[in-house]
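Visitor: Numbering (my numbering), first residue to last: 296 to 734.
Every residue gets a Cβ at the ideal spot worked out from N, C-alpha and C, and that includes glycine.
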Ligand code: ASP
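So, in structure tokens, the structure goes:
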């Protein structure tokens, strides 16, 4: 029997989970919870989903460390590293800014925070609903913009690894890889072989874990569907719709145009190759947890060399968050509208800059951008408690923005590969194409 492609299996699992989750939610009452042999189904979904997420998270630290060290050491001399790093960061900054501007434009055009000509603050009961937020915000990473830079150089690298400070770990790994290239051959070779071997084991473990993705994804989505409640006021629903529209423009127009004209590759073939990663990002709402799968897709399906993907993707999973930056900006402007705040050019500019900077420091975990939104609200003088209203749609919007985050990283890796002279599996054929990618 022909094997069904992984992305179809995952997509099928998501659809099934939505249906099952819907029935579980409708059957749940105050004194009855659908169960199997006495165990509530929601508990089972939670258990299986957590197992899958744990398996993904388990390999993140060794994967990031080994892939960056191998990536940087493999690039070789400082000049090459500078060129690759420069292209990568330039692309990250440009796409993030493009995403923010699309979000800003749509929110300003539709004005979901204004209902029938008056600020919708009262309608949304903005002062209420503050419980629970601080617990969600706590420990999610940045506390202010300067903290991003402080976290980049951790006083203790093991502590950074243990506490999920990926920015610090990445910085250490880049330095480690860079200085490996200064060693004599006698020392450099065994060290490179060691880290390369660790990296290959991590990739094999990823492929093994991916076999369980349909089951894990089913459990995660079914749990969200059986517990979420969508009792949204109209302005919130319009806001959510605006965010989805802006994310769609970025994912289906801006990034494909860049792939086509800057990267000279086939955009939708790239998207098809990356789809298992995007679907996993959708169900886990965590770009960090999705990283192993993103790397696997880019190397196996898109044909990006290991040299590029092992440098660009781990960096992107932490630093490059197109969807998150768009959402932060849209949410802040929406709340400002709802409070009746005058949105001068200066205020909007502040929002854009902080959204750009904080999206770098936001951790790739569920709901992480709430912290960044809190920072923006404080900066423009709005009560931080206002983020409470965003919780209604946060999970579903988080799932979508995380997919866009991962798609943005994938596009960057594909384009950087092309600009570095590689011909991937998605390249547009034509005279003058470089030789097939050696990796
Ligand atoms: N969940 C997002 C991610 O992991 C971050 C966020 O926007 O909350 O990419």
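#1: For residue 304, report the span of its alpha helix (DSSP H) as first-last.
#2: Starting from residue 555 and walking both ways along the alpha helix (DSSP H), at which residues does that stretch end?
#3: Between the beta-carbon of residue 705 and the beta-carbon of residue 351, is there less than 8 Å?
#4: Cα-Cα, which of 355, 582 and 336 is closest to residue 659?
#5: What are the start and end residues of the alpha helix (DSSP H) that includes residue 458?
#6: Taking 7 Å as the cut-off, does the CB of residue 403 come closer than this to any heavy atom belonging to the ligand ASP?
#7: What does DSSP give as the partner residue(s) for residue 330 in the beta ladder?
#8: Is the number of C-beta pairs between the stretch 390 to 408 and the stretch 642 to 650 that are closer than 8 Å three or more?
#9: Of all the options 456, 575, 455 and 452, which has the alpha carbon lying nearest to the alpha carbon of residue 509?
#10: Looking at residue 446 and the ligand GTP, is the gap between the Cβ and the nearest heavy atom below 7 Å?
#11: Roughly how many angstroms separate the alpha carbons of residue 716 and residue 551, rounded to a whole number?
#12: Within the present structure, is the beta-carbon of residue 693 separated from the nearest heavy atom of the ligand ASP by less than 7 Å?
#13: Expressed to the nearest angstrom, what Euclidean distance is found between the alpha-carbon atoms of residue 341 and residue 723?
#14: List, from N- to C-terminal side, the alpha helix (DSSP H) runs of 4 residues or more that fit wholly inside the stretch 541 to 603.
#15: Secondary structure at residue 663, three-state DSSP: helix, strand or coil?
#16: Look up residue 532 in the DSSP assignment and say whether it is helix, strand or coil.
#17: Drop a sphere of 10 angstroms on the beta-carbon of residue 591, count the other beta-carbons inside from all chains shown, and report buried for 16 or more, exposed for fewer.
#18: Please determine whether the Cβ atom of residue 353 lies at a distance below 7 Å from any heavy atom of the ligand ASP.
#19: Would you check if the distance between the CB atom of residue 370 and the CB atom of residue 602 is smaller than 8 Å?
#20: Tell me whether residue 661, by its Cβ, gets closer than 7 Å to a heavy atom of the ligand ASP.
#21: Tell me the rounded alpha-carbon separation between residue 298 and residue 571.
#22: Just how far apart, CA to CA, sit residue 579 and residue 472?
#23: Taking the beta carbon of residue 444 as the centre, do at least 16 other beta carbons fall within 10 Å, making it buried, or is it exposed?
#24: Any contact between the stretch 490 to 506 and the stretch 629 to 638? By contact I mean 3 or more CB pairs, one from each, below 8 Å.
#25: CB residue 614 to CB residue 379, shorter than 8 Å?
#26: Helix, strand or coil for residue 639? Go by DSSP, reduced to three states.
#27: Could you give the distance in angstroms between the alpha-carbon of residue 244 and the alpha-carbon of residue 402?
#28: So what's residue 415 in DSSP terms, helix, strand or just coil?
#29: Would you say the beta carbon of residue 394 comes nearer than 7 Å to a heavy atom of the ligand ASP?
#30: For a test of your reading of the model: does the CB of residue 616 fall under 7 Å from any non-hydrogen atom of the ligand ASP? Yes or no.
#31: Let's test the definition: count the other Cβ atoms within 10 Å of the Cβ of residue 619 and tell me whether it reaches 16, buried, or not, exposed.
#32: Grouping DSSP H, G and I as helix and E and B as strand, with all else coil, what is residue 740?
#33: Which same chain residues end up closer than 6 Å to residue 329 when comparing Cβ atoms and leaving out the 5 residues on each side of it in sequence?
#34: Starting from residue 619, trace the alpha helix (DSSP H) in both directions and tell me its first and last residue.
#35: When the Cα of residue 538 is compared with those of 681, 399, 357 and 605, which residue comes out closest?
#36: Which whole-angstrom value describes the C-beta separation of residue 688 and residue 531, a residue pair presumed to lie in contact below a C-beta threshold of 8 Å?
Guide: Once the coordinates are examined:
#1: 301 to 322 is the span of the alpha helix (DSSP H), which, as asked, contains residue 304.
#2: DSSP places residue 555 inside the alpha helix (DSSP H), whose first and last residues are 550 to 556.
#3: No, Cβ-Cβ distance for residue 705 and residue 351 is not below 8 Å.
#4: In this structure, 582 is the residue among 355, 582 and 336 with its C-alpha nearest to the C-alpha of residue 659.
#5: It is not in any alpha helix (DSSP H) - residue 458 carries neither H nor E in the DSSP assignment.
#6: Using a cutoff of 7 Å, the CB of residue 403 does not count as near the ligand ASP, since none of the ligand's heavy atoms is closer than that.
#7: Paired residue(s): 335.
#8: Output reads yes: the stretch 642 to 650 touches the stretch 390 to 408.
#9: Each of 456, 575, 455 and 452 was checked against the Cα of residue 509, and the nearest Cα belongs to 575.
#10: As presented, the structure is devoid of the ligand GTP, carrying the ligand ASP as its sole ligands.
#11: About 20 Å.
#12: Yes - the ligand ASP has a heavy atom lying nearer than 7 Å to the Cβ of residue 693.
#13: Whole-angstrom Cα-Cα distance: 44 Å.
#14: Those alpha helix (DSSP H) runs which fall completely within the stretch 541 to 603 and span 4+ residues are 550 to 556, 562 to 579 and 582 to 592.
#15: Taken through DSSP and simplified to helix, strand or coil, residue 663 comes out as coil.
#16: The answer is helix: DSSP assigns residue 532 an H, G or I state.
#17: By the neighbour-count criterion, in which 16 or more other beta carbons inside 10 Å mark a residue as buried, residue 591 falls on the buried side.
#18: Residue 353: no, Cβ never under 7 Å from the ligand ASP.
#19: A Cβ-Cβ contact shorter than 8 Å links residue 370 with residue 602.
#20: True, at least one ligand heavy atom lies under 7 Å from that Cβ.
#21: Answer to the nearest angstrom: the Cα atoms are 15 Å apart.
#22: If you take the alpha carbons of residue 579 and residue 472, they lie about 30 Å apart.
#23: By the Cβ neighbour-count rule, residue 444 is exposed, with fewer than 16 other Cβ atoms within 10 Å of its own.
#24: Short answer: they don't touch.
#25: No, Cβ-Cβ distance for residue 614 and residue 379 is not below 8 Å.
#26: In the structure shown, residue 639 adopts coil according to DSSP, grouped into three states.
#27: In the structure displayed, the chain extends from 296 to 734; residue 244 sits before or after that span and is not available.
#28: Assignment of residue 415 by DSSP, reduced to helix, strand and coil, places it in the coil class.
#29: For residue 394, the CB stays at least 7 Å from every heavy atom of the ligand ASP.
#30: It does: the Cβ of residue 616 is within 7 Å (strictly closer) of some heavy atom of the ligand ASP.
#31: Counting Cβ neighbours within 10 Å, residue 619 comes out buried, since at least 16 surround it.
#32: Nothing about residue 740 can be read from this structure; the chain reaches only from 296 to 734.
#33: Result list for residue 329: 319, 322 and 336, in chain order.
#34: Annotation for residue 619: the continuous alpha helix (DSSP H) segment containing it runs 617 to 633.
#35: Measuring from the Cα of residue 538, the nearest candidate turns out to be 399.
#36: The pair is a contact, with the Cβ atoms about 6 Å apart (cut-off 8 Å).
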